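Numbers -26 to -1, 1 to 308, taken from mature numbering (1 follows the signal peptide of the UniProt record, and there is no 0), label the letters of the sequence shown in order. C-beta atoms are modelled at their ideal positions from N, C-alpha and C, and glycine is treated no differently. None of the values given here were measured: they were computed from a predicted structure. These notes are about the structure you will find just below.
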Amino acid sequence: MRHFFQKNAKILFVCFLILFTCTACSSPRAKDGRTKVDQIIASETVQIKKSEVNTTEISNQKLKKKYAKLDDNDMITIQPTSFSEAFDNGWFEGLIVWPLAQLINKVSASTDAGIGILVVTVLIQLLVFALTGKSQMASQRMQEIQPELQAIQNKYRGRTDEASQMKMYRETQALYQKYDIHPFGTILITFIQLPIMMGMYYATIRSYNVLVGSFMGVNLSTTPMEGIQSLNVAIIAIYVLMVVAQLVSFRLPTWLKKRQEEKDHVKKHEYRQENKENNMQSSMNMYMYTMTIMFAFIYLNWPTAMSFYWCVTSLFRIIQNIILHHAMNKVKTA
């Protein structure tokens, strides 16, 4: 573990810096749930009704006084948001939020808000896979080297002295290095995904086309909680599908592995370390279910646009896992 943190200290520092920057960003949503008018990102000069945005919790006092004189049905003009303006508010907003929001705006302009989010989400997931694909392939190799890993552990079984434990650690690390495996690579994947997810949150909340647009008649700025209260079947369906897709994406690798073992008629032997694997699996399951429940509660009060984004993300991962599974098995049988 210490070797891992020493080797990846710079990467982890950048990840923590990104997360710190994300948490430091001001919320684009006001207490009433509406987007603050001065937080909207537009790609062209547009107008929006005062009643559709919040004008009382903005930082610009002159605009605040100006908007206070308007009626709810009066229109407010929104000027295009430039990169320099976004970057002045922080590099996270300039380099991540602004490009995502503008890309959503551009795609949505010729289609609808849902298609804009879908296209941007797929592009993001392809980028994430390009950055973390090696770690995902390594997790597949980890399953294949279990016999060799068990042989090392059996060699030092019952030897609890520090010298023996250090030798076992070195041999284990040499085995990981031989197969180019990074056991803690999933930590980096999580840190990479979190700022991207936060960037998409800010982008979808602040994108003008998402704010005023829809997807197949569904107002994506409405929250699932509002959809449940009004019995909006479409919004409820998107929310439920998001939760189900997330659960399936978490559990799918385990299901695929079990199915492949049954297909190959693999018998479990002692080297499979059933107790250890069960403990690891239980920990992973607890993490997965905790994350799903956490997101389910959070997303109840976030715009449906975010539920739609996470639903598309989970569906993408399901397809990705299936493709990776078949690709790894083809390599094994080649």
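Query	Result
Inter-stretch contact (C-beta, 8 angstroms, three-pair minimum) for the stretch 199 to 213 and the stretch 34 to 50	no
Stretch pair the stretch 212 to 219 + the stretch 41 to 61: three plus CB contacts closer than 8 angstroms	no
Spatially closest choice to Glu67 from Ile170, Ile296, Tyr143 and Glu122, by CA coordinates	Ile170
Distance, Arg131 Cα to Glu122 Cα	14 angstroms
C-alpha gap between Ala26 and Phe271, whole angstroms	First, the amino acid is wrong: residue 26 is Glu here, not Ala. Near 25 angstroms, if we compare the C-alpha coordinates of Phe271 and Glu26.
Whole-angstrom distance between Lys10 and Lys231, CA atom to CA atom	47 angstroms
Short Cβ contact (7 angstroms threshold) for Ala83 with Thr55	no
Where Ala144 sits in the DSSP three-state scheme	Position check: residue 144 holds Arg in this sequence, whereas Ala was assumed. Note: Arg144 maps to helix in three-state DSSP.
Collapsed DSSP secondary structure at Arg3 in the structure displayed	strand
Rounded straight-line distance, which links the Cα of Met172 to that of Val192	23 angstroms
Buried or exposed by the 16-neighbour rule on C-beta atoms within 10 Å, applied to Asn34	exposed
Distance, Asn128 Cα to Ile98 Cα	43 angstroms
Other residues of its chain near Thr266: CB distance less than 8 angstroms, five sequence neighbours each side excluded	Val217, Gln220, Leu221 and Phe224
Buried or exposed by the 16-neighbour rule on C-beta atoms within 10 Å, applied to Gln13	buried
Nearest-angstrom Cα separation, counted from Val286 out to His300	22 angstroms
Ala87 and Trp72 closer than 7 angstroms at C-beta	no
Distance, Thr178 Cα to Asp6 Cα	17 angstroms
CA-to-CA distance, Gln76 to Ser181, given in whole angstroms	7 angstroms
CA nearest to the CA of Leu289, picked from Gln203, Thr197 and Leu92	Leu92
Cβ-based burial, Trp229 [other Cβ within 10 Å; buried from 16]	exposed
Assigned exposure category for Ser281 - 16 Cβ within 10 Å defines buried	buried
Of the listed residues Ile202, Thr106, Arg291 and Ile292, nearest to Trp276 (C-alpha basis)	Ile202
For Pro2 and Tyr176, believed in contact at Cβ under 8 angstroms, the rounded distance	6 angstroms
CA nearest to the CA of Glu200, picked from Ala104, Thr278, Ile293 and Lys80	Thr278
CB contact flag (Ile70, Val94, <7 angstroms)	no
Own chain partners of Lys24 with C-beta closer than 6 angstroms, once the 5 adjacent residues on each side are dropped	Leu44, Asp46, Asp48 and Ile50
Distance between Gly64 and Leu274 (C-alpha atoms, nearest Å)	28 angstroms
Residues near Thr196 in its chain [Cβ-Cβ closer than 8 angstroms; skip 5 each side]	Asn206, Ile209, Pro277 and Thr278
Cβ-based burial, Leu194 [other Cβ within 10 Å; buried from 16]	buried
Inter-residue spacing [alpha-carbon to alpha-carbon] between Thr106 and Thr30	43 angstroms
DSSP-derived helix/strand/coil call for Gln192	Residue identity check: residue 192 is Val in the sequence provided, not Gln. In this structure, Val192 counts as strand in the three-state DSSP scheme.
For Ile32 and Val186, believed in contact at Cβ under 8 angstroms, the rounded distance	So it is not a contact: roughly 18 angstroms between Cβ atoms.
Assumed close pair Gln294, Phe57 - CB separation to whole angstroms, cut-off 8 angstroms	Not quite, the Cβ-Cβ distance comes to about 31 angstroms (not below 8 angstroms), so this is no contact.
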